[in-house]
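Residue numbering for the sequence shown follows my numbering, beginning at 9 and increasing consecutively.
The beta-carbon is built from N, C-alpha and C at its ideal position, and this holds for glycine as well.
Below is one structure, written out as structure tokens; the observations come after it.
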Amino acid sequence: MQNVVVTGVSTGIGWGTLKVLNSKGIHVFGSVRKPEDAKRLSDEFGDGFTPLIFDVTDEKLVREAAEQVSNQINGNNLLGLVNNAGIAIGGPLMHQPIAEFSKQIEVNLIGQLIVTQAFLPLLGTNSTYKSKPGRIINISSVGGKIASPFLGAYSASKFALEGFSESLRRELMLYGIDVIIIGPGSVVTPIWDKAEKMDFSPYENTKFAIPSKKFLDYALKKGRSGYPVEDVGNLIWKALTTAKPKVRYPIVPNHFFDWIVARLLPQRILDNILANELGLGNRE
9 MQNVVVTGVS
19 TGIGWGTLKV
29 LNSKGIHVFG
39 SVRKPEDAKR
49 LSDEFGDGFT
59 PLIFDVTDEK
69 LVREAAEQVS
79 NQINGNNLLG
89 LVNNAGIAIG
99 GPLMHQPIAE
109 FSKQIEVNLI
119 GQLIVTQAFL
129 PLLGTNSTYK
139 SKPGRIINIS
149 SVGGKIASPF
159 LGAYSASKFA
169 LEGFSESLRR
179 ELMLYGIDVI
189 IIGPGSVVTP
199 IWDKAEKMDF
209 SPYENTKFAI
219 PSKKFLDYAL
229 KKGRSGYPVE
239 DVGNLIWKAL
249 TTAKPKVRYP
259 IVPNHFFDWI
269 VARLLPQRIL
279 DNILANELGL
289 GNRE
């Protein structure tokens, strides 16, 4: 049986990936932060799932989990590592607490490095493992290429993840380990329920009060009409198994306008469109 490690499988894209891989007969080692999620998923997916309890920013626990996986895969390389775990906390950069900004960089970028370093020996950098090298799938975002207002910290972390992934891919050619980016747009996940409760009250007495509320309403509407998580899971399966994978796979609803046109438009025009939609134009 082939094995894949997926981080952040309790809900959302991680859960969708676990579901798809499980249906393909792949054994998934999936990370969660809470024991109750580990039990729930073990009950749901049975012997095809092994929970790993860690936060991606906890280097000690991550390395212990890698040792656990090593002891269970019988000298074979992993088919892949899917770096999915991530967070998003919105707010205008002018006022957002530094701790909120730092947390997103820590989880969405540094956490990916911690996990990658821990599991690389199980992907092909350790010559004692017998099977062919595995692949690393890094879950970025449309926000890793097109930055939105009020998600500056998230976009910063995902732009950085894109650069991290490119550098890593070129370095790991030495070992035959490929690194592939998945860049989802809107996906129907519980994150939108959390977003609805996002606290913008600290910004009520700033000029960003109305624009941030408009942006949240827009994001919720787009998010709840996005792709099912299983669609992203199927794309991850393709990236793991296709003979000649692309270096990056976007999966963006309304692909032509929200992906192709948005990237081709001159930046100032896109700025003006957002300003008109959200009320960000200077009225003075």
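**OP:** Measure the C-alpha to C-alpha separation of Ile145 and Lys221 and round it to an integer number of angstroms.
**Re:** Looking up residue 145 in the sequence shown gives position 137. Looking up residue 221 in the sequence shown gives position 213. Straight-line Cα distance between these residues: approximately 34 Å.
Original post:
In or out: Lys138 buried (at least 16 other Cβ within 10 Å) or exposed?
Top reply: Locating residue 138 in the sequence shown gives position 130, counting from the first residue. Exposed: under 16 other Cβ atoms inside 10 Å.
**OP:** Could you round the C-beta distance between Leu169 and Gly98 to whole angstroms and report it? I think they count as a contact, below 8 Å.
**Re:** For the purposes of this step, residue 169 is taken as residue 161 along the sequence shown, with counting starting at 1. For the purposes of this step, residue 98 is taken as residue 90 along the sequence shown, with counting starting at 1. Not a contact, Cβ separation roughly 18 Å.
Original post:
With which residues is Asp266 paired in a DSSP beta bridge?
Top reply: Locating residue 266 in the sequence shown gives position 258, counting from the first residue. DSSP, once it has assigned bridges, lists no residue as partnering Asp266.
**OP:** Have a look at the DSSP bridge pairing and note the partners of Ile144.
**Re:** In the sequence shown, residue 144 corresponds to position 136, counting from 1. Paired residues: Leu89, Val187.
Subject >> Enclosing alpha helix (DSSP H) for Ser175 [first to last residue] >> reply: Translated into positions along the sequence shown, residue 175 becomes position 167. Taken as a continuous stretch (DSSP letters only), the alpha helix (DSSP H) holding Ser175 covers 160-179.
Original post:
Out of Met9, Ile118, Ser135, which has the shortest C-alpha to C-alpha gap to Ser31?
Top reply: One-based indexing of the sequence shown puts residue 31 at position 23. Looking at the Cα atoms, Met9 is the closest of the given residues.
Original post:
What residues in its chain sit with their C-beta under 6 Å from that of Phe109, if we drop five residues either side in the sequence?
Top reply: Counting from one through the sequence shown, the residue named residue 109 turns up at place 101. Answer for Phe109: Ala161, listed in chain order.
**OP:** My understanding is that Gly24 touches Val240, with C-beta atoms under 8 Å, so please give their C-beta distance in whole angstroms.
**Re:** Taking the first residue of the sequence shown as position 1, residue 24 is located at position 16. Taking the first residue of the sequence shown as position 1, residue 240 is located at position 232. Confirmed, about 6 Å.
**OP:** Tell me, please, which residues DSSP counts as bridged to Val154.
**Re:** For the purposes of this step, residue 154 is taken as residue 146 along the sequence shown, with counting starting at 1. Per the sequence presented here, residue 154 reads as Ile, with Val not at that position. Bridge partners of Ile154: none, in fact.
Subject >> Supposed contact pair Phe223 and Pro157 - C-beta distance, whole angstroms, cut 8 Å >> reply: Taking the sequence shown and counting its residues from 1, one reaches residue 157 at position 149. Taking the sequence shown and counting its residues from 1, one reaches residue 223 at position 215. Confirmed, Cβ separation roughly 6 Å.
Original post:
Taking the Cβ atom as the reference point for each residue, do Ser143 and Asp186 lie within a distance shorter than 8 Å?
Top reply: In the sequence shown, the residue the question calls residue 143 occupies position 135. In the sequence shown, the residue the question calls residue 186 occupies position 178. Note that residue 143 corresponds to Arg in the displayed sequence, not to Ser. Their beta carbons are under 8 Å apart, which means Arg143 touches Asp186 by this criterion.
Original post:
Name the DSSP bridge partner or partners of Ile61?
Top reply: In the sequence shown, the residue the question calls residue 61 occupies position 53. Partner(s): Val40.
Original post:
Could you give the uninterrupted runs of the beta strand (DSSP E) lying entirely in the segment 69-137, keeping only those of 3 residues or more?
Top reply: 88-91
Original post:
Contact check, Ile189 vs Ser173 under 8 Å by CB: the rounded distance?
Top reply: Along the sequence shown, one-based indexing puts residue 189 at 181. Along the sequence shown, one-based indexing puts residue 173 at 165. Yes, they are in contact, since the Cβ atoms of Ile189 and Ser173 sit about 5 Å apart, within 8 Å.
Original post:
Run through DSSP, which three-state label would Pro210 get?
Top reply: As a first step, residue 210 is located in the sequence shown; it is residue number 202 there, counting from the start. Note: Pro210 maps to helix in three-state DSSP.
Subject >> Distance between Tyr211 and Ile147 (C-alpha atoms, nearest Å) >> reply: Looking up residue 147 in the sequence shown gives position 139. Looking up residue 211 in the sequence shown gives position 203. Going from the Cα of Ile147 to the Cα of Tyr211 covers about 30 Å.
Original post:
Taking just the CA atoms, how far does Ile122 sit from Arg48?
Top reply: Walking along the sequence shown from the start, residue 48 turns up at place 40. Walking along the sequence shown from the start, residue 122 turns up at place 114. Spanning the two alpha carbons is a distance of roughly 26 Å.
Original post:
Based on Cα-Cα distance, which residue from Thr15, Ile34, Gly33 lies nearest to Lys42?
Top reply: Along the sequence shown, one-based indexing puts residue 42 at 34. The option with the nearest alpha carbon to Lys42 is Thr15.
**OP:** Excluding the 5 residues preceding and the 5 following Asn116 in the sequence, name in chain order all residues of the same chain whose CB lies nearer than 6 Å to its CB.
**Re:** Position 108 of the sequence shown holds residue 116. Answer for Asn116: Gly94, Ser165, listed in chain order.
Original post:
How about Val150 and Trp267: do their beta carbons lie closer than 8 Å?
Top reply: Locating residue 150 in the sequence shown gives position 142, counting from the first residue. Locating residue 267 in the sequence shown gives position 259, counting from the first residue. For Val150 and Trp267, yes; Cβs fall inside 8 Å.
Subject >> Pair within 8 Å by beta-carbon distance, Val195 and Gly152 >> reply: For this step, residue 195 is matched to residue 187 along the sequence shown. For this step, residue 152 is matched to residue 144 along the sequence shown. No, they are not a contact pair.
Original post:
Three-state secondary structure (DSSP) at Pro219?
Top reply: To locate residue 219, count along the sequence shown from 1; it is residue 211. If DSSP states are grouped into helix, strand and coil, Pro219 belongs with the helices.
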